[in-house]
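Following: one structure in structure tokens, then a few remarks.
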Amino acid sequence: MSAKDIFHDIVRTALEKDGWTITNDPLFLKLTQQFKINIDLEAEKFLVAEKATQKIAVEIKSFVGRSAVSEFHLAIGQFLNYRVALEKLASERVLYLAIPTDIYQDFFSDSFVQAVLERYQIKLLVFHVQKEEITLWKN
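If you read the sequence shown in the numbering used here, its first letter stands for residue 5, the second for the next number, and so on.
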């Protein structure tokens, strides 16, 4: 089992503050004998207007390594693998990549990063570390 990201508990709290119920921490998926993965969090929220439950899976990345570019490469690869895993299991969960506000403002504003996010339709959950709140959902 992989180690929790340093912001794991902060994102969990932010989701709960936003009305989400954490249903798995982590979400374990067994695809094959070799491929077993743990996505950081699974949550759901009842949407009154739609009379339906929205389900999400959240992979948390801190980007505290030496190179934001290297961290980005790893995060995108992992995200894409997780999304394929969810699709393979016919999951109704929507996958989000959770990142801190400062990383979103300082690194994810780069035009190349934006092009990658758009090309691969990566959904973001941006959170404020100190306030333990979600600042942006980017679909």
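Ideal Cβ positions, reconstructed from N, Cα and C, are used throughout, including at glycine.
Source: prediction; values computed, not measured.
Exercise for review: Could you pull out every residue in the same chain whose Cβ sits closer than 7 Å to the Cβ of M5, ignoring the five residues on either side in sequence?
Suggested key: Residue placement at M5 is flagged as unreliable, the pLDDT there being 48, under the threshold of 50; a coordinate-derived value is accordingly withheld.
Point to revise | Closest residue to D9 among S71, Y108 and V62 (Cα-Cα distance) | key: V62
Check your understanding: Under a three-way DSSP split, which group does N28 fall into?
Key -> strand
Review point. Skipping 5 residues on each side, what residues in its chain have a beta carbon closer than 8 Å to that of L99?
Key: I43, I60, A61, V62, E63, F83, Y86, R87, L90 and K127
Exercise for review: For the alpha helix (DSSP H) containing F83, list its first residue and its last residue.
Suggested key: A72 to K92
Check your understanding: Do you know offhand how far R16's Cα is from F39's?
Key -> 25 Å
Exercise for review: For the alpha helix (DSSP H) containing T105, list its first residue and its last residue.
Suggested key: T105 to D110
Point to revise | Alpha-carbon spacing of K135 relative to T36, whole angstroms | key: 39 Å
Point to revise | Own chain, CB closer than 8 Å to E137, minus 5 neighbours either side, in chain order | key: A18, K21, D22 and F131
Practice item. Tell me whether W141 is buried or exposed, calling it buried when 16 or more other Cβ atoms sit within 10 Å of its Cβ. Key: exposed
Review point. Do you know how far the Cα of G69 is from the Cα of I14?
Key: 19 Å
**Study point:** F11 versus S66 - alpha carbon distance
**Key:** 7 Å
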